[in-house]
Structure formats: structure tokens, C-alpha cells
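Visitor: In order, the protein sequences belong to chains A and B.
Numbering follows our numbering, with no gaps: position 178 of the first sequence is 178.
Numbering follows our numbering, with no gaps: position 327 of the second sequence is 327.
Below is the structure I would like to discuss, written out as C-alpha cells.
2 protein chains.
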Amino acid sequence: MVILTISITSIEMEGETTKYAADISSVKEAYDRIKSLVHRTPVLSSTSLDDISGRKLYFKCENFQKSGAFKFRGACNAVLSLTDEEASKGVTTHSSGNHAAALSLAAKIRGIPAFIVVPKSAPSCKVENIKRYDGNVNLAEDNMQSREEVMNKVRQETSAIYIPSSNDGRIMSGQGTISLEFLEQIPQIDTLVVPISGGGMIAGIAIAAKAINPAIRILAAEPKGADDAAQSKAAGRIIKLQEINTIADGLRAFLGDHTWPVVRDLVDDIITVEDFEIIKAMKLCFKILKIVIEPSGAIGLAAVLSETFQKNPAWKDCKHIGIVVSGGNVDMDVFWESLNK
Amino acid sequence: MVILTISITSIEMEGETTKYAADISSVKEAYDRIKSLVHRTPVLSSTSLDDISGRKLYFKCENFQKSGAFKFRGACNAVLSLTDEEASKGVTTHSSGNHAAALSLAAKIRGIPAFIVVPKSAPSCKVENIKRYDGNVNLAEDNMQSREEVMNKVRQETSAIYIPSSNDGRIMSGQGTISLEFLEQIPQIDTLVVPISGGGMIAGIAIAAKAINPAIRILAAEPKGADDAAQSKAAGRIIKLQEINTIADGLRAFLGDHTWPVVRDLVDDIITVEDFEIIKAMKLCFKILKIVIEPSGAIGLAAVLSETFQKNPAWKDCKHIGIVVSGGNVDMDVFWESLNK
Numbered sequence: 001m002v003i004l005t006i007s008i009t010s011i012e013m014e015g016e017t018t019k020y021a022a023d024i025s026s027v028k029e030a031y032d033r034i035k036s037l038v039h040r041t042p043v044l045s046s047t048s049l050d051d052i053s054g055r056k057l058y059f060k061c062e063n064f065q066k067s068g069a070f071k072f073r074g075a076c077n078a079v080l081s082l083t084d085e086e087a088s089k090g091v092t093t094h095s096s097g098n099h100a101a102a103l104s105l106a107a108k109i110r111g112i113p114a115f116i117v118v119p120k121s122a123p124s125c126k127v128e129n130i131k132r133y134d135g136n137v138n139l140a141e142d143n144m145q146s147r148e149e150v151m152n153k154v155r156q157e158t159s160a161i162y163i164p165s166s167n168d169g170r171i172m173s174g175q176g177t178i179s180l181e182f183l184e185q186i187p188q189i190d191t192l193v194v195p196i197s198g199g200g201m202i203a204g205i206a207i208a209a210k211a212i213n214p215a216i217r218i219l220a221a222e223p224k225g226a227d228d229a230a231q232s233k234a235a236g237r238i239i240k241l242q243e244i245n246t247i248a249d250g251l252r253a254f255l256g257d258h259t260w261p262v263v264r265d266l267v268d269d270i271i272t273v274e275d276f277e278i279i280k281a282m283k284l285c286f287k288i289l290k291i292v293i294e295p296s297g298a299i300g301l302a303a304v305l306s307e308t309f310q311k312n313p314a315w316k317d318c319k320h321i322g323i324v325v326s327g328g329n330v331d332m333d334v335f336w337e338s339l340n341k
Numbered sequence: 001m002v003i004l005t006i007s008i009t010s011i012e013m014e015g016e017t018t019k020y021a022a023d024i025s026s027v028k029e030a031y032d033r034i035k036s037l038v039h040r041t042p043v044l045s046s047t048s049l050d051d052i053s054g055r056k057l058y059f060k061c062e063n064f065q066k067s068g069a070f071k072f073r074g075a076c077n078a079v080l081s082l083t084d085e086e087a088s089k090g091v092t093t094h095s096s097g098n099h100a101a102a103l104s105l106a107a108k109i110r111g112i113p114a115f116i117v118v119p120k121s122a123p124s125c126k127v128e129n130i131k132r133y134d135g136n137v138n139l140a141e142d143n144m145q146s147r148e149e150v151m152n153k154v155r156q157e158t159s160a161i162y163i164p165s166s167n168d169g170r171i172m173s174g175q176g177t178i179s180l181e182f183l184e185q186i187p188q189i190d191t192l193v194v195p196i197s198g199g200g201m202i203a204g205i206a207i208a209a210k211a212i213n214p215a216i217r218i219l220a221a222e223p224k225g226a227d228d229a230a231q232s233k234a235a236g237r238i239i240k241l242q243e244i245n246t247i248a249d250g251l252r253a254f255l256g257d258h259t260w261p262v263v264r265d266l267v268d269d270i271i272t273v274e275d276f277e278i279i280k281a282m283k284l285c286f287k288i289l290k291i292v293i294e295p296s297g298a299i300g301l302a303a304v305l306s307e308t309f310q311k312n313p314a315w316k317d318c319k320h321i322g323i324v325v326s327g328g329n330v331d332m333d334v335f336w337e338s339l340n341k
């Protein structure tokens, strides 16, 4: 595997509240801003899955979030944070997935246009979602250069504001609202297991959860075929990969300069799992939890059931584990093919 | 279609509280008995589905109930209502589906055996569920005579107590606890749409809901290919069919002498839908609600989206509609085939 390293932009400062791009105050402000618009998603549990894992598991179902994924929290916070003048030009992003639909819905709610650059390979249900929320779809080739070129053209034409999918304080603060709800719903949680990709969700969740309960453990779950975050933690700097290979289409992004310091400091460990473990977890979610999830959404359960986790003495006293089920946007045939693998 | 009529056993009496086999008090007693054991299932909603239906819809997700269906409420209430002496012999039933697994789990919790007679054609996931909860599976042929013969043999050998799947006051009271939760979760509900089969669930729900809010409308949803309840309402007496033909394997039972009087008196109307409407609703539940449901569980949404309902001026002012999603026990391949029809 070819590994490409890049330099880190450090944003650390002296004071606690300015250390990261988000903090507990910005998360609480985000919640005040968005709470009437987001679903307070339910938490499911299952004695059967508790028996299989040997722990008490709690599933925070962000697959039931508006737009079908947690991304709506951050997008909504970012869009509502804009001044009227900024908002008037509309918003734009490039995304293969859930952030695009979430941003379209947030823009629709604010009554402004969303210009979305989508790579041609994006799952059709995700493109459908963007259109359902009146997002303007602009197709790009399946590489970052083309995505950025198309987006820059859109920005020149429209002056729309760019809302990144992860590496942004407003996004991190929005996703962090998951912790506020989850720890209120299940106060006994001692460990949170969260999918990691660009790091916006786990950064927001870690900041808020550790502010509420400093003893809480934050574990990231990552596919082995896209383990840039695990490699970054090991190397002590952001590592980007040139090749990624995983079924989990939502977990292919890399950490950024705002999300990396939080992952470095507040994420206790990263558990990597194989795609077959993700598929096994998807099947259990179908059969036992009765929920539809995309592969990325199953990785938390996959991590908890993995040998890596089960056999590590460091995690033996993780007894009440909160698992964030990130999203449910999956094409029916992809879902079926995955379950039959 | 050949129709076989049978006589009605009237159980009506003078006093309000003894009119039916269950009443609001027995439902509340049931809830006190079972509430620490059942899931308080979440209610989901979706702006997209509200837009499609032109109403506010609330989905009570009993597919997330223990054992994968609402049946656990009634089975749990019945098993916990037994004296220690009665319980010591174990319980038995014949069922092709969710009641069997629910009864097995309830018996397991009480620490007594469950002897389940299952027709050979039962979905394999449902048989798996029975075994997961340590139920003793006794196979019968695919007809009522064989099921009853096998069960009678089991009863002679074990003296186990028979717990019917629907036509029983304890079962009706247990299922009625759905109303207590649902109307507490969403007090503005003006209409409940409930699948009808043996009638135990809708009877319990109607009794409790109308005691809480006499103005609430109770609508049953039934497959056209198994419309015995609609025919019974029209005829003013229990009608049983000799042929049934529907994808909804959970909705093939007939009303009994305890459930019929409640359906006759408290169910405002029965909406029948074609199988293709059920399948369309299953797809929407997959794509938009992100939940796994069996065909029976989709029939409430199918009914609300049907022309029969949408064009009926009598239901024009049903604005806040509570839909009971009854269960999620479906074989993966059956689910997939259904979604592709």
C-alpha cells in the first residue's frame, strides 16, 4: 500500500476553550440552534446482541435522522450559522454521500439554494436524496481534482459558501450534539464507539462527551482497507492513503487539520475491522435490530464484536457501550448483495 | 371465493367493565405486569412520508419489540398472569409465527417450558426465533386440524397451559398496552391504523385508546386476499374464509368470540389493500424510514396511502395518524423478493 504523508497544520492554542475548532459551548449552542429541526433519534438495545457481545450495548440510531444520516446535524448547524448575507448566495460542497443530501435539506429549510458536486460513482439512493431536497446536482469525475475543479467553477458562478463535510468547527459542533442526547438518554454509558472517516463526527462527539464525563472512553471504528486514522494515530501526524478499499463508502475520507488534533488527543483508540466483519454486523442489525443501515453504520457493532476488541484487556471494563449507527442510506441492491456476501 | 360462516358466541353483559374480555383496567394491570420486561418502542416520523400521505404520520415501531413483534406484550402478560401451579406445567400454543417466538421468550423469562406447534411452512426466521428462546418445536402439517391434533397430544403429555395467539382477554390486554404508550408519546393522535388478523391487537388497542380518548378513530388494515374481518363487519357476524391469498403471513387468522365483539363495536372501519400496495409500503419503509418490517407490518402505511382511504371524505379530518408497525420478522430472501416485486 502506498502511503502519502502530509504536514499537519497545528491549531493548538493556550486556553482550553480555543484548543480545538469546537468545544462544549459551541456544541451546546449548536444544539440550541438545531434541536427543533433534527430528530432526537431513539436508542435501541437487544438482549440477544448483549449476549453475543458480553456487554450492554446501546445503539443511537442516526440512520433515522433526517436525510438518513447524522450529517444533517452538522449541515444544519453550519447553514443556520451563516449571516443572512452569506446565506443569500447559497451553499456548496462536494460529497459522494450523506453530507450532500444533508446540506441540501438544511439549505431547503433555510430557503437558500445548495449546489452539490457529486462524483459519478455516488450511490444512486444518495443522489436521489439530494434531488428530493431540491439540491442542484453537478456531476464530476471520480477523483478529488475533478470534484474541486467543478466546485470552484460553481463557486465562481454563484458565490455560494463552501460547507466542508467534516473539517469545520460548525460541522464538528453539530455532530457533537449526538453526545448531548445519547448521554442524556443512557447516562450509564462508559464507552462510545464511533465510526471515523473525515473525523467531524467523532471529534464533536469526543469533545462533548469528555466535557460531560471525563472518564468516558472514545473508541473509533475504521475499516482496515481505509485505516488512515489508525495510521495517523500511530504516526502522530495526519496520514493520507493513496489507495482505499472498503465496502463502507461513507468511511473513505481523511482527517483534516481541525479534526486531527481532537482525534489525536481525545480518541482513546482506533479499532480496525475487515469488510467481512462489517457485513456480519449488517446482518445482525437486519435480523435482530430490524434496522436498515449502510455499511458505515454497522462498523461500530463490527468493532465491538471483533477479536481485536474482545480480547484486549484494556477494554474489559467497557460494560455499557454506546454505539453510533451513523446512517441508513444504502441502495436496495447493494444492501442485498452485502447481506449475501 | 367460498365463504364459511359460523355462529357467534356472544359474551356481552350489562355492566361496561364486563362487556368485553378486556377493559382499560385489565390493560393497565397488564402494563404494570410487563412494563419492566417489554421495550417502550420508539415512534418514528418522516416529513417525506407526511408529504406523500398529506397527513402527519407517527409509526409505533413494534418491529423493535422483544422477539421482533408486538406479540411479546400479550404473551408476556398471559404467562405472568398464571399462578405458580399453572405455570409449573409450562405453556403451549400452535402458531406459524410471531406469537410462538413471543410465548417462548415469555416462558423463558418465567423459567418454564414452552411447547410450540409449528406448521411446516412457517418462515425459517420465525422458527429460528422460537429456538433462540429455547421453545420446544413440534412440527405439524399445514392445516388447522393437524396443528390442533399435535397440540392436543402435547397437552396430554405435558399438561401445559394453552395460550391462544389472539382470542384471549390476557392477550388482548397485553397488546392494548401499545395504546397506553403511543398516546402518551404522541398525545395529538386522532386516528389509529392497526393491522387486523385474529383481532387480539386491535381489540386491546381499541379498548384502551377509546377509554383514554373516546373521540379517537380506530381503523383496521386488512389484506384484500384475507378480508374476513371486513366481511364480518359488513355481515354483522364472524365470517371465516376457506381460501386466503396474501403475502402478509401474519394476517391470515380469523376473529374469535372474544375479539369479534370489540371489532364490531369499537373499530370504526376496515380498509382493505392489495398485496402490491403492501409491497409499495414496505419499500417506502426501507427507503425512507430505514426499518426492516415484515409484510404485515407495512399494511398500516399501505392503508393510509390507499385510494380507499385517501378519497374517503369520512377520513378527511384524520390529521394525526398513529400507525402500528406490528413486526419485523421476515426472512432475508423473502424481504428481498418482496421489495423486488
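Ideal Cβ positions, reconstructed from N, Cα and C, are used throughout, including at glycine.
What residue range is occupied by the uninterrupted beta strand (DSSP E) comprising Gly322(B)?
Guide: Here the beta strand (DSSP E) through Gly322(B) covers 320-325.
Visitor: If you run the structure through DSSP and keep just helix, strand and coil, what is Ile58(A)?
Guide: Reading off the sequence shown, one finds Tyr at residue 58(A), where the question assumed Ile. Residue state, collapsed to three classes: strand.
Visitor: Among Ile202(A), Gly174(A), Ile116(A), whose alpha-carbon lies nearest the alpha-carbon of Asp268(A)?
Guide: The option with the nearest alpha carbon to Asp268(A) is Ile202(A).
Visitor: Which same chain residues, not among the five before or five after Ser26(A), have their C-beta less than 6 Å away from its C-beta?
Guide: Ser173, listed in sequence order.
Visitor: How far does the beta strand (DSSP E) with Ala253(B) in it extend, from its first residue to its last?
Guide: Unbroken run through Ala253(B): none, as it is neither H nor E.
Visitor: Using a Cβ-Cβ cut-off of 7 Å (strictly less than) and excluding sequence neighbours within five positions of Cys285(B), which residues of its own chain qualify?
Guide: Counting only Cβ-Cβ distances below 7 Å, and skipping sequence neighbours, we find Ile291, Ile293, Ala298, Leu301.
Visitor: Spell out the partners DSSP gives Ile178(B) in its beta bridges.
Guide: DSSP output for Ile178(B) lists no bridge partner at all.
Visitor: Please report whether the beta-carbon of Asn63(A) lies at a distance below 7 Å from any beta-carbon of chain B.
Guide: Judged by the 7 Å Cβ criterion, Asn63(A) is in contact with chain B.
Visitor: Are there 16 or more other CB atoms within 10 angstroms of the CB of Met144(B), so buried, or fewer, so exposed?
Guide: By the 10 Å Cβ count, Met144(B) comes out exposed.
Visitor: Does any CB atom of chain B fall closer than 7 Å to the CB of Gly135(A)?
Guide: Not closer than 7 Å to any Cβ of chain B, the Cβ of Gly135(A) fails to qualify, so no.
Visitor: Does the stretch 89-104 of chain A come close enough to the stretch 124-135 of chain A to have 3 or more Cβ pairs within less than 8 Å?
Guide: A contact exists between the stretch 89-104 of chain A and the stretch 124-135 of chain A.
Visitor: When you compare the CB of Leu339(A) with every CB in chain B, is at least one pair closer than 7 Å?
Guide: At least one chain B Cβ lies under 7 Å of Leu339(A).
Visitor: Would you say Met332(A) faces chain B, with C-beta separation under 7 Å as the test?
Guide: For Met332(A), the answer is yes, since a Cβ of chain B falls inside 7 Å of its Cβ.
Visitor: Give me the subset of the stretch 156-179 of chain B whose CB atoms are less than 7 Å from a CB atom of chain A, sorted by chain position.
Guide: So nothing in the stretch comes that close.
Visitor: Would you say Ser166(A) and Gly200(A) are within 7 Å of each other, going by their C-beta atoms?
Guide: For Ser166(A) and Gly200(A), yes; Cβs fall inside 7 Å.
Visitor: Buried or exposed: which applies to Phe70(A), given that a residue is buried once 16 or more other Cβ atoms fall within 10 Å of its Cβ?
Guide: The residue is buried, with at least 16 neighbouring Cβ atoms inside 10 Å.
Visitor: Val137(B) lies in the alpha helix (DSSP H); which residues open and close that run?
Guide: Element bounds for Val137(B): not the alpha helix (DSSP H) but the beta strand (DSSP E), 136-140.
Visitor: Which residue from Val137(A), Ala160(A), Val118(A) puts its Cα closest to that of Glu85(A)?
Guide: Among Val137(A), Ala160(A), Val118(A), the Cα nearest to that of Glu85(A) belongs to Ala160(A).
Visitor: Taking 6 Å as the limit between beta carbons, can you name the residues of its chain near Asn213(A), skipping five residues before and five after?
Guide: For Asn213(A), where only same-chain residues beyond five positions count, there are no Cβ hits under 6 Å.
Visitor: On a CA-only basis, which of Lys287(B), Ser67(B), Phe72(B), Ala234(B) is nearest Trp336(B)? Give me that one, please.
Guide: Nearest C-alpha to Trp336(B): Lys287(B).
Visitor: Kindly indicate which three-state DSSP category Lys341(A) falls into: helix, strand or coil?
Guide: If DSSP states are grouped into helix, strand and coil, Lys341(A) belongs with coil.
Visitor: So Leu44(A) contacts chain B; which residues on that side make the cut at Cβ distance below 7 Å?
Guide: The answer, in chain order, is Phe64.
Visitor: Taking the alpha-carbon positions, what's the Glu12(B) to Asn77(B) distance?
Guide: Unreliable positioning characterises Glu12(B) in this predicted model, as indicated by a pLDDT of 42, which lies under 50. A coordinate reading is not provided.
Visitor: Which runs of the alpha helix (DSSP H) fall wholly inside the stretch 94-176 of chain B and span at least 4 residues, in chain order?
Guide: With a minimum length of 4 residues, the continuous alpha helix (DSSP H) runs that stay inside the stretch 94-176 of chain B are 98-110, 124-132, 144-158.
Visitor: Whole angstroms is fine: what's the gap from Lys283(A)'s alpha carbon to Leu339(A)'s?
Guide: Going from the Cα of Lys283(A) to the Cα of Leu339(A) covers about 6 Å.
Visitor: Taking the CB atoms as reference points, tell me whether Gly176(B) and Gly204(B) lie closer together than 7 Å.
Guide: Yes, the pair counts as a contact, with Cβ atoms nearer than the cut-off.
Visitor: So, using beta-carbon positions, are Ala140(A) and Val117(A) closer together than 7 Å?
Guide: The answer is yes: Cβ separation under 7 Å.
Visitor: So the candidates are Gly236(A), Lys19(A), Ile278(A), Arg110(A); which of them puts its Cα closest to the Cα of Leu251(A)?
Guide: Closest by alpha carbon: Ile278(A).
Visitor: Ignore the nearest five residues each way along the sequence and tell me which others in Leu37(A)'s own chain have a CB closer than 7 Å to its CB.
Guide: Around Leu37(A): Cys76, Ile109.
Visitor: For a contact meaning CB atoms closer than 7 Å, what does Val292(A) contact in chain B?
Guide: By Cβ distance, chain B contributes Phe286, Lys290, Ile291, Val292.
Visitor: Which residues, in chain order, does the stretch 67-78 of chain A contribute to contact with chain B at a C-beta distance below 7 Å?
Guide: Going along the stretch 67-78 of chain A in chain order, one finds Gly68 with a Cβ nearer than 7 Å to chain B.
Visitor: Specify the secondary structure class of Pro313(B) as computed by DSSP and reduced to three states.
Guide: Helix at Pro313(B).
Visitor: Kindly list, in the order they appear in chain B, the residues whose Cβ is closer than 8 Å to that of Ser232(A).
Guide: None at all; the shortest Cβ gap to chain B is about 31 Å.
Visitor: With contact counted as at least three CB pairs below 8 Å, one residue from each stretch, are the stretch 233-241 of chain A and the stretch 181-191 of chain A in contact?
Guide: No: the two stretches stay apart, fewer than three of their Cβ pairs being nearer than 8 Å.
Visitor: Look up Asp331(A) in the DSSP assignment and say whether it is helix, strand or coil.
Guide: Asp331(A) falls in the coil class under three-state DSSP.
Visitor: Verify the CB distance criterion: does Gly328(A) have a CB-CB separation below 7 Å to chain B?
Guide: Output row for Gly328(A): interface = yes.
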